[in-house]
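A.B. asks: In full-length UniProt numbering, the protein residues as written are 1 to 158. Where is the CB? At the ideal position from N, CA and C, for every residue including glycine.
1. Classify residue 144: buried if its beta carbon has 16 or more other beta carbons within 10 angstroms, exposed otherwise.
2. For the alpha helix (DSSP H) containing residue 58, name the first residue and the last one.
3. Which residue marks the beginning of the alpha helix (DSSP H) containing residue 121, and which one marks its end?
4. Taking DSSP as the reference, what is the three-state secondary structure of residue 92?
5. Can you tell me which residues form a DSSP beta bridge with residue 142?
6. Quick one: what does DSSP say residue 80 is sitting in, helix, strand or coil?
7. I need the straight-line Cα distance from residue 134 to residue 146, nearest angstrom please.
8. State yes or no: is the C-beta of residue 130 within less than 8 Å of the C-beta of residue 141?
9. Cβ of residue 63 within 8 Å of Cβ of residue 42?
10. Leaving out the 5 sequence neighbours to the left and right, which residues in its chain are closer than 6 Å to residue 139 when beta-carbon positions are compared?
11. Distance, Cα to Cα, residue 104 vs residue 61?
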């Protein structure tokens, strides 16, 4: 587990004048991320044993009293915007722009033209009513032409 020294956690006053507000916010977020990671790691280690859980709770409670005294800020006293910013690590944008998704037309999906799937009986009736033509290759009258003459003859013999 990675431990960090006090210089990483607390900003040095001499560096504070040279750094911008953005870098301070980034450093604060980095430390907050490490703090959450450390807490969850300790919680997972202590979760298997009840004595370890009580010891972790007592240690955190003692640390809380050392850092903040008897008054610990509650979540309800924090503003909603501040709690969202702490949770996500980013400030809430003033303007949110949302664009509608692009329309995608994929092959093979249902058609929107309203056609229904025809049964084989309906297909046979439509084919029977269709006028026949003379094939230039085999010189027969039928529902094929020279381009698909071999396929059509192969179908009829099988």
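C.D. replies: So, to answer that:
1. Classification of residue 144: buried, given that the 10 Å Cβ count is 16 or more.
2. First-last of the alpha helix (DSSP H) with residue 58: 50 to 68.
3. First-last of the alpha helix (DSSP H) with residue 121: 120 to 129.
4. When DSSP states are grouped into helix, strand and coil, residue 92 belongs to the coil group.
5. DSSP output for residue 142 lists 133 as bridge partner(s).
6. Secondary structure of residue 80 (DSSP, three-state): helix.
7. Going from the Cα of residue 134 to the Cα of residue 146 covers about 9 Å.
8. Their beta carbons are not under 8 Å apart, which means residue 130 does not touch residue 141 by this criterion.
9. Going by beta carbons, residue 63 and residue 42 fall outside the 8 Å limit.
10. Cβ neighbours of residue 139 beyond the five flanking positions: none.
11. Between the alpha carbons of residue 104 and residue 61 lies a gap of roughly 55 Å.
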